[in-house]
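Participant: Chains as they are written, first to last, in the UniProt record's numbering: chain A, 1 to 178; chain B, 1 to 92. For every residue, glycine included, the Cβ atom is placed at its ideal position computed from N, Cα and C. What follows is a single structure, and I will ask about it in a moment.
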Amino acid sequence: MDSQHLNPSSLKSRFTARFLRALIKINAQKPISSSSPREIFQRYRRIKVAADKSMAYSVRSRRTWSRATLWKLRSRSRRRLASSGRRSSIKTRTTTTTTTTTTSTNHRAAIVEKTSHEKENKEDHVGLAVQAEELRELVPGGESMDLCNLLDETAHYIKCLTTQVQVMKKIANLYSLE
Amino acid sequence: MSSRRSRQSTAGVSRISDDQIIELVSKLQQLLPEIRDRRSDKVSASKVLQETCNYIRSLHREVDDLSERLSQLLATIDADSAEAAIIRSLIM
Numbered sequence: 001m002d003s004q005h006l007n008p009s010s011l012k013s014r015f016t017a018r019f020l021r022a023l024i025k026i027n028a029q030k031p032i033s034s035s036s037p038r039e040i041f042q043r044y045r046r047i048k049v050a051a052d053k054s055m056a057y058s059v060r061s062r063r064t065w066s067r068a069t070l071w072k073l074r075s076r077s078r079r080r081l082a083s084s085g086r087r088s089s090i091k092t093r094t095t096t097t098t099t100t101t102t103t104s105t106n107h108r109a110a111i112v113e114k115t116s117h118e119k120e121n122k123e124d125h126v127g128l129a130v131q132a133e134e135l136r137e138l139v140p141g142g143e144s145m146d147l148c149n150l151l152d153e154t155a156h157y158i159k160c161l162t163t164q165v166q167v168m169k170k171i172a173n174l175y176s177l178e
Numbered sequence: 001m002s003s004r005r006s007r008q009s010t011a012g013v014s015r016i017s018d019d020q021i022i023e024l025v026s027k028l029q030q031l032l033p034e035i036r037d038r039r040s041d042k043v044s045a046s047k048v049l050q051e052t053c054n055y056i057r058s059l060h061r062e063v064d065d066l067s068e069r070l071s072q073l074l075a076t077i078d079a080d081s082a083e084a085a086i087i088r089s090l091i092m
């Protein structure tokens, strides 16, 4: 298992490098002396987003769940920029409009397809329908997947989550030894 | 639960075969520490999905806890000096 670390292009290495860079950036944003509860909470939020983002970026758009995560993160940051009233957000929006239109059209088309699929799938796999719905809420982008894709994406998602947890644990342990 | 009937596709819609589902479910089963360690082959698909949901939720919680722990640790240490140590130990 540890031999994976020697492979610079492994998912674990890619995630580790990205996440560490993000951590250093986050640490640089605030002076080390300030550690009020509110600031710690903000840092916690940023770290969590950085972890999820680093993993999604390391997987890129090869998977539906990673695409959904990246799309969600981008639209969230665009909404934040828009609400803070900065003009630079308009430029961001126009350049990424094509991507989001395609993605949302795909999502809508997939959802329409799913509804007609779903009735048949529910008849076939009635026992799984309830758990599948629960799973759809947990896996990013799950709402628009048929059962087959959902199970496949879930397996990959779990593998990535466990890698994420593994690396974060290691980093936390090393930091606490300092 | 498992119905082994294979129905003809209606209206040209491709039917997902039960075998495909069973294969994917058993693949998931291998990833779940609870079920895998119990070594019982007689786990129903709906149990596997239920355990999967629980497992994903526990992983999300772990990410949350670790993020919180890291946020407190970052406040107390100098990241740059730690980075080299971390990278070194991860690569070893």
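Go ahead and pull the three-state DSSP assignment for SER26(B).
Facilitator: In the structure shown, SER26(B) adopts helical secondary structure according to DSSP, grouped into three states.
Participant: So VAL63(B) and ALA51(A) are supposed to be a Cβ contact under 8 Å. How far apart are they, rounded?
Facilitator: 6 Å
Participant: Just tell me which of ALA155(A), GLU143(A), TYR44(A) has its CA closest to the CA of ILE56(B).
Facilitator: Measuring from the Cα of ILE56(B), the nearest candidate turns out to be ALA155(A).
Participant: Taking all protein chains shown into account, do 16 or more other C-beta atoms lie within 10 angstroms of the C-beta of ILE47(A), making it buried, or fewer, making it exposed?
Facilitator: Classification for ILE47(A): buried.
Participant: Touching or not, the stretch 140-150 of chain A and the stretch 65-83 of chain A, by the rule of three or more beta carbon pairs under 8 Å?
Facilitator: The stretch 140-150 of chain A is in contact with the stretch 65-83 of chain A.
Participant: Which chain B residues sit within Cβ distance under 8 Å of GLU153(A)?
Facilitator: Correct list: empty, because the minimum Cβ distance to chain B is about 10 Å.
Participant: State the Cα-Cα distance for the pair LEU24(B) and ARG76(A), rounded to the nearest angstrom.
Facilitator: 33 Å
Participant: Pull up the CB-CB distance for GLU134(A) and MET145(A), whole angstroms please, since I reckon it's below 8 Å.
Facilitator: About 14 Å separates the two Cβ atoms, so there is no contact after all.
Participant: Would you say GLU134(A) reaches chain B, if we count a Cβ-Cβ gap shorter than 8 Å as a contact?
Facilitator: yes
Participant: Measuring straight from C-alpha to C-alpha, what distance separates SER71(B) and SER17(B)?
Facilitator: Straight-line Cα distance between these residues: approximately 47 Å.
Participant: Terminal residues of the continuous alpha helix (DSSP H) containing VAL63(B)?
Facilitator: According to the DSSP assignment, VAL63(B) belongs to the alpha helix (DSSP H) that extends over 45-74.
Participant: Between ASN7(A) and SER83(A), what straight-line distance do the alpha-carbon atoms span, to the nearest angstrom?
Facilitator: Those two C-alpha atoms are separated by around 42 Å.
Participant: So ASP64(B) contacts chain A; which residues on that side make the cut at Cβ distance below 7 Å?
Facilitator: LYS48
Participant: Return the first residue and the last residue of the alpha helix (DSSP H) that PRO37(A) is part of.
Facilitator: 37-59
Participant: Please determine, among SER176(A), ALA56(A), SER10(A), the residue with the shortest C-alpha to C-alpha distance to TYR157(A).
Facilitator: Closest by alpha carbon: ALA56(A).
Participant: Who are the neighbours of ASN7(A) on chain B, taking C-beta pairs under 8 Å?
Facilitator: Correct list: empty, because the minimum Cβ distance to chain B is about 10 Å.
Participant: How should LEU23(A) be labelled, buried or exposed, when 16 other C-beta atoms within 10 angstroms of its C-beta is the threshold for buried?
Facilitator: A residue is called buried once 16 or more other Cβ atoms fall within 10 Å of its Cβ, and LEU23(A) is buried on that count.
Participant: Would you identify the three-state DSSP class for SER84(A), choosing helix, strand or coil?
Facilitator: If DSSP states are grouped into helix, strand and coil, SER84(A) belongs with coil.
Participant: I want to see whether chain B comes within less than 8 Å of SER176(A), judged by CB atoms only; does it?
Facilitator: SER176(A) counts as touching chain B.
Participant: Check the Cβ of MET168(A) against every Cβ in chain B and list those closer than 9 Å, keeping chain order.
Facilitator: GLU62, VAL63, LEU66, SER67, ARG69, LEU70
Participant: Just the C-alpha distance for LEU28(B) and GLN131(A), rounded to the nearest angstrom, thanks.
Facilitator: 14 Å
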